[in-house]
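A.B. asks: The structure under discussion is supplied below as structure tokens; questions concerning it will follow.
2 protein chains.
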Amino acid sequence: MQLRIPGPTPCPPEALQAMSRQMINHRGKEFGQLLQSVTARLRQTFQTKEDVLLLSCAGTGGLEAAIVNTLSPGDDILACSCGVFGDRFADIAEQYGAKVNRLNFEWGTPAKPETIRQALRANTNIKAVLVTHNETSTGVTNDLASISSVVNEFDKLLLVDAVSSLGCIDLPTDDWHCDVVVTASQKGWMVPPGLAMISVNEKAWEACSHARMPRFYLDFAKAKDYLQKGQNPWTPAISICYALDATLDLMLNEGLQNVFARHKRVGQMTRNGIKSLGLSLLPDESCASNTVTAVNASDKLDVPKLVQILREEYDVVIAGGQRKLSGKIFRIGHMGLVNEDDIKVTLQAIEKVLPKVRY
Amino acid sequence: MQLRIPGPTPCPPEALQAMSRQMINHRGKEFGQLLQSVTARLRQTFQTKEDVLLLSCAGTGGLEAAIVNTLSPGDDILACSCGVFGDRFADIAEQYGAKVNRLNFEWGTPAKPETIRQALRANTNIKAVLVTHNETSTGVTNDLASISSVVNEFDKLLLVDAVSSLGCIDLPTDDWHCDVVVTASQKGWMVPPGLAMISVNEKAWEACSHARMPRFYLDFAKAKDYLQKGQNPWTPAISICYALDATLDLMLNEGLQNVFARHKRVGQMTRNGIKSLGLSLLPDESCASNTVTAVNASDKLDVPKLVQILREEYDVVIAGGQRKLSGKIFRIGHMGLVNEDDIKVTLQAIEKVLPKVRY
Numbered sequence: 009m010q011l012r013i014p015g016p017t018p019c020p021p022e023a024l025q026a027m028s029r030q031m032i033n034h035r036g037k038e039f040g041q042l043l044q045s046v047t048a049r050l051r052q053t054f055q056t057k058e059d060v061l062l063l064s065c066a067g068t069g070g071l072e073a074a075i076v077n078t079l080s081p082g083d084d085i086l087a088c089s090c091g092v093f094g095d096r097f098a099d100i101a102e103q104y105g106a107k108v109n110r111l112n113f114e115w116g117t118p119a120k121p122e123t124i125r126q127a128l129r130a131n132t133n134i135k136a137v138l139v140t141h142n143e144t145s146t147g148v149t150n151d152l153a154s155i156s157s158v159v160n161e162f163d164k165l166l167l168v169d170a171v172s173s174l175g176c177i178d179l180p181t182d183d184w185h186c187d188v189v190v191t192a193s194q195k196g197w198m199v200p201p202g203l204a205m206i207s208v209n210e211k212a213w214e215a216c217s218h219a220r221m222p223r224f225y226l227d228f229a230k231a232k233d234y235l236q237k238g239q240n241p242w243t244p245a246i247s248i249c250y251a252l253d254a255t256l257d258l259m260l261n262e263g264l265q266n267v268f269a270r271h272k273r274v275g276q277m278t279r280n281g282i283k284s285l286g287l288s289l290l291p292d293e294s295c296a297s298n299t300v301t302a303v304n305a306s307d308k309l310d311v312p313k314l315v316q317i318l319r320e321e322y323d324v325v326i327a328g329g330q331r332k333l334s335g336k337i338f339r340i341g342h343m344g345l346v347n348e349d350d351i352k353v354t355l356q357a358i359e360k361v362l363p364k365v366r367y
Numbered sequence: 009m010q011l012r013i014p015g016p017t018p019c020p021p022e023a024l025q026a027m028s029r030q031m032i033n034h035r036g037k038e039f040g041q042l043l044q045s046v047t048a049r050l051r052q053t054f055q056t057k058e059d060v061l062l063l064s065c066a067g068t069g070g071l072e073a074a075i076v077n078t079l080s081p082g083d084d085i086l087a088c089s090c091g092v093f094g095d096r097f098a099d100i101a102e103q104y105g106a107k108v109n110r111l112n113f114e115w116g117t118p119a120k121p122e123t124i125r126q127a128l129r130a131n132t133n134i135k136a137v138l139v140t141h142n143e144t145s146t147g148v149t150n151d152l153a154s155i156s157s158v159v160n161e162f163d164k165l166l167l168v169d170a171v172s173s174l175g176c177i178d179l180p181t182d183d184w185h186c187d188v189v190v191t192a193s194q195k196g197w198m199v200p201p202g203l204a205m206i207s208v209n210e211k212a213w214e215a216c217s218h219a220r221m222p223r224f225y226l227d228f229a230k231a232k233d234y235l236q237k238g239q240n241p242w243t244p245a246i247s248i249c250y251a252l253d254a255t256l257d258l259m260l261n262e263g264l265q266n267v268f269a270r271h272k273r274v275g276q277m278t279r280n281g282i283k284s285l286g287l288s289l290l291p292d293e294s295c296a297s298n299t300v301t302a303v304n305a306s307d308k309l310d311v312p313k314l315v316q317i318l319r320e321e322y323d324v325v326i327a328g329g330q331r332k333l334s335g336k337i338f339r340i341g342h343m344g345l346v347n348e349d350d351i352k353v354t355l356q357a358i359e360k361v362l363p364k365v366r367y
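Sequence order for the protein chains is Z and V.
Add 8 to the 1-based position in the first sequence for my numbering, that's all there is to it.
Add 8 to the 1-based position in the second sequence for my numbering, that's all there is to it.
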């Protein structure tokens, strides 16, 4: 099967084999060594010297953790959104009582650093900026280097949703002064869902010490406290740690820069292939993502039928659009375990099915 | 290895094999069927006709969910505790702003229904009662039948931590009017950690509709909404669902009553064995748990050394005491995948090590 949705992504044999390992004591020495070793290699892939914490939850739990650990009810925040996941990040903050200033960009376009600068200038109360590095729902990668530089000018806290970018698209956490960066196991990391991985720098820890949003299960301070003794405060998703232990080796052996270059190649190959089929991309190529490609169906293609025939007759699984893009786009995931052959198979299948699904 | 801690518990080959299955689309038909089928069989094991929800988190996340979905800041609650996990349940409620009335029972003794009755009579503002069915830290099983009957007299909401009892010790959720019951995958269910399973009855749903504690990732209403279309709101721990699919078959094929009887047998066998070694149990036998046995070390045994020698020389992994019982007791887990032979091996190893660890 070609599982070409934007997560969960296919797992390599090394990860699947690791998943079938028997349980061990999560408060014992063996798990402690595993946790420390996984954490050390995560810091390499996050390109950070700061803390990286593991929480047993989905990416959405990780986003919630980023908010509740650093903010207080009533805090003014700027939520930059250009799609479903940007909106979700803002919704979480609102749910916990933040005063959310929503800066919405048209779906399919990126967040504009200059607009963010103006918003920060206009409201000096803003304490934190929420931004999605790679918007999975529209296939847009935001210019996080420029955005982080703007946020840094104003010395605000920067909380980054890097769920579908980290480990695939370059994100030098420390160099870009990203205070909290959230990712999740089932994306570029090539392991099953169940773990969120989150970097927390000194500025974020300082914010944590004042943050009054309620938290218990997702508490950063508890996670850090237990990590120092090689544990997690609660029973962690041990099997996912086993698998991550295996895939981090694969990633670091390939070399981070090579992993990024491979994603760039398969991203470009996907976009070229789509265009050569006479289809157009939702976003402009200048901001098109190297982990997920969003293709316009407009009123010419029956997306549910395309998805169904690809799955049933070609064993290729792609995704439709979400929310207001439902039926309007389809999406091809190419993050984690993916190479040129996978894209070739996927594009060939799409080419064969297209004539059957045109209106 | 004999993994005889009170969770994570050993997984049978069927579960480990299922864990190594490749990922699928969590929004597709195949996962939808799996989720519906797992949920239906969970309802059988919970002995409920009400909703059972799956959240991708540890048991502590499930306890937090029980609180934040049914209560509002300022609500008076009665938290019955006789150990670490009862305290934790109370701590979570406090963290989210509940007015927590703590009813603490001596560690090693059970919660007394009559004391709970008096507390409910004394404070008519109390909205909900928190109780731990099986206190893992002391090896005590509370008399939930009597407690639930008292709570029912006063028509209060009953939130039950059944993390280390459900699927091992009889808990007829509906018959006992338990409004929210929380368990977790790595205990009696014989699969790795990563999933909490939670029943929510009509009375709890009514409480949910008024509850104002903030929640997003752990939101019950969202989980129910998505369950109706065979999905989870966020990306679920798919592998754990695969494994649970396998072990639910094992449990139901054995027969729930047989599973309970087996736990009763191994519990009794553990207690008898411990006594025949000249050791005493922490709790009175009348409330001793059939999933975890807590043994007094008092000042006669070096617990860390006992745990270490058992692990290093006999491949038997047991647990020490927690918090104020650290060094004072050791604990043997016997939940999930356990039979008489396992207990025999464990007891024989303990017998051999005892002379080496007496002060």
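Glycine included, each C-beta is placed from N, C-alpha and C at the ideal position.
Using a Cβ-Cβ cut-off of 6 angstroms (strictly less than) and excluding sequence neighbours within five positions of LYS313/Z, which residues of its own chain qualify?
C.D. replies: Counting only Cβ-Cβ distances below 6 angstroms, and skipping sequence neighbours, we find VAL365.
A.B. asks: Taking the C-alpha atoms as reference points, what is the distance between HIS271/Z and CYS176/Z?
C.D. replies: So the alpha carbons of these two residues sit roughly 6 angstroms apart.
A.B. asks: Short of 8 angstroms Cβ to Cβ, which residues in the region 9 to 29 of chain Z face chain V?
C.D. replies: Listed by position along the chain: MET9, LEU11, ILE13, GLY15, PRO16, THR17, PRO18, CYS19, LEU24, GLN25, MET27, SER28, ARG29.
A.B. asks: Determine, using beta carbons only, whether ASN209/V comes closer than 9 angstroms to chain Z.
C.D. replies: It does not; no Cβ of chain Z falls within 9 angstroms.
A.B. asks: For the region 232 to 259 of chain V, which residues have a CB atom closer than 8 angstroms to at least one CB atom of chain Z, in sequence order?
C.D. replies: Answer in chain order: PRO241, TRP242, THR243, PRO244, ALA245, ILE246, SER247, ILE248.
A.B. asks: Quick one: Cα of ASP349/V to Cα of ILE248/Z, how far?
C.D. replies: Going by the C-alpha atoms only, they are around 30 angstroms apart.
A.B. asks: So that I know if they touch, is there some Cβ in chain V lying closer than 9 angstroms to that of THR68/Z?
C.D. replies: Answer yes: the Cβ-Cβ gap between THR68/Z and chain V drops below 9 angstroms somewhere.
A.B. asks: What residues from chain Z crowd round PHE268/V, counting only those whose CB sits closer than 9 angstroms?
C.D. replies: None at all; the shortest Cβ gap to chain Z is about 23 angstroms.
A.B. asks: At the 9 angstroms Cβ level, is PHE224/Z part of the contact set with chain V, yes or no?
C.D. replies: Yes, because at least one Cβ of chain V sits closer than 9 angstroms to the Cβ of PHE224/Z.
A.B. asks: At a CB-CB cut-off below 7 angstroms, which residues of chain V make contact with ASN347/Z?
C.D. replies: What ASN347/Z touches in chain V: nothing, since even the nearest Cβ is about 17 angstroms away.
A.B. asks: If the cut-off is 7 angstroms on Cβ atoms, which residues from the region 310 to 327 of chain V count as contacting chain Z, listed in chain order?
C.D. replies: Residues passing the 7 angstroms Cβ filter: VAL325.
A.B. asks: List the residues of chain Z that GLU72/V touches, going by C-beta distances under 7 angstroms, in chain order.
C.D. replies: Simply PHE224, TYR225.
A.B. asks: With a threshold of 7 angstroms on Cβ separation, who are the neighbours of PRO118/V within its own chain once the five nearest residues in sequence on each side are excluded?
C.D. replies: So the qualifying residues of the chain are CYS90, VAL148, ASN150, ASP151, CYS295.
A.B. asks: Write down the C-beta distance between ILE246/Z and PRO20/V rounded to the nearest angstrom, noting that I regard them as a contact closer than 8 angstroms.
C.D. replies: Contact doesn't hold; Cβ gap of about 16 angstroms is too wide.
A.B. asks: In whole angstroms, what separates the C-alpha of LEU345/V from that of GLU293/Z?
C.D. replies: Looking at the two C-alpha atoms, the distance is approximately 54 angstroms.
A.B. asks: Bridge partners of MET205/Z, per DSSP?
C.D. replies: In DSSP, MET205/Z forms a bridge with LEU62/Z, THR191/Z.
A.B. asks: Are the region 112 to 126 of chain V and the region 46 to 61 of chain V touching by the rule of at least three beta carbon pairs closer than 8 angstroms?
C.D. replies: Segments in contact, no.
A.B. asks: Please report how far the alpha carbon of ARG331/Z lies from the alpha carbon of LEU290/V, in whole angstroms.
C.D. replies: When rounded, the distance between both Cα atoms is 56 angstroms.
A.B. asks: Identify whether TRP184/Z lies in helix, strand or coil by the three-state DSSP scheme.
C.D. replies: The answer is coil: DSSP assigns TRP184/Z none of H, G, I, E or B.
A.B. asks: Taking 9 angstroms as the CB-CB cut-off, is ASN112/V touching chain Z?
C.D. replies: It does not: the Cβ of ASN112/V has no partner Cβ on chain Z nearer than 9 angstroms.
A.B. asks: Over what stretch of residues does the beta strand (DSSP E) that includes ASN112/Z continue unbroken?
C.D. replies: Segment 107 to 112, the beta strand (DSSP E) holding ASN112/Z.
A.B. asks: In whole angstroms, what separates the C-alpha of GLN10/Z from that of ARG12/V?
C.D. replies: Between GLN10/Z and ARG12/V, the C-alpha separation is close to 41 angstroms.
A.B. asks: What whole-angstrom Cβ distance do GLN239/Z and GLY40/Z have, given they're in contact under 8 angstroms?
C.D. replies: With a Cβ gap of about 7 angstroms, GLN239/Z and GLY40/Z count as contacting.
A.B. asks: Among all the DSSP beta bridges, which residues are the ones paired with GLY328/Z?
C.D. replies: Looking at the DSSP assignment, GLY328/Z forms a beta bridge with PHE338/Z.
A.B. asks: Any idea if ALA48/Z is buried or exposed, counting beta-carbon neighbours within 10 angstroms, 16 or more meaning buried?
C.D. replies: By the 10 Å Cβ count, ALA48/Z comes out exposed.
A.B. asks: Out of VAL315/V, LEU285/V, VAL189/V, ARG29/V, which one is the CA nearest neighbour of PHE368/V?
C.D. replies: Nothing can be reported for residue 368/V: it is not among the residues displayed for chain V, which extend from 9 to 367.
A.B. asks: So, for VAL361/Z: in the same chain, excluding its five sequence neighbours on each side, which residues have a beta-carbon less than 8 angstroms away from its beta-carbon?
C.D. replies: Counting only Cβ-Cβ distances below 8 angstroms, and skipping sequence neighbours, we find LEU314, ILE317, LEU318, GLU321, TYR322.
A.B. asks: Please compile the residues from chain Z whose C-beta is within a distance smaller than 7 angstroms of the C-beta of GLY105/V.
C.D. replies: By Cβ distance, chain Z contributes PRO222.
A.B. asks: So which of GLY286/Z, PHE54/Z, ASN304/Z has the shortest CA-CA distance to GLU359/Z?
C.D. replies: Of the listed residues, the one whose Cα sits closest to GLU359/Z is GLY286/Z.
A.B. asks: Looking at the unbroken beta strand (DSSP E) that takes in THR301/V, where does it start and where does it end?
C.D. replies: Looking at the DSSP string, the run of the beta strand (DSSP E) that includes THR301/V is 300 to 304.
A.B. asks: Is ASN266/Z helix, strand or coil when you go by DSSP?
C.D. replies: Of the three classes helix, strand and coil, the one that applies to ASN266/Z here is helix, per DSSP.
A.B. asks: In three-state terms, what does DSSP make of CYS88/Z?
C.D. replies: CYS88/Z: strand per DSSP, three-state reduction.
A.B. asks: Closer than 7 angstroms by beta-carbon distance: list the chain Z residues that pair up with HIS34/V, in chain order.
C.D. replies: Residues of chain Z passing the Cβ test: PRO16.
A.B. asks: So which of PRO222/V, PHE93/V, GLU161/V has the shortest CA-CA distance to ILE124/V?
C.D. replies: Considering only alpha carbons, the answer is GLU161/V.
A.B. asks: Quick check: the Cα distance between VAL300/Z and PRO16/Z, rounded to an integer number of angstroms?
C.D. replies: Roughly 12 angstroms between the two C-alpha positions.
A.B. asks: So which of ASP163/Z, MET31/Z, SER193/Z has the shortest CA-CA distance to LEU174/Z?
C.D. replies: It is SER193/Z.
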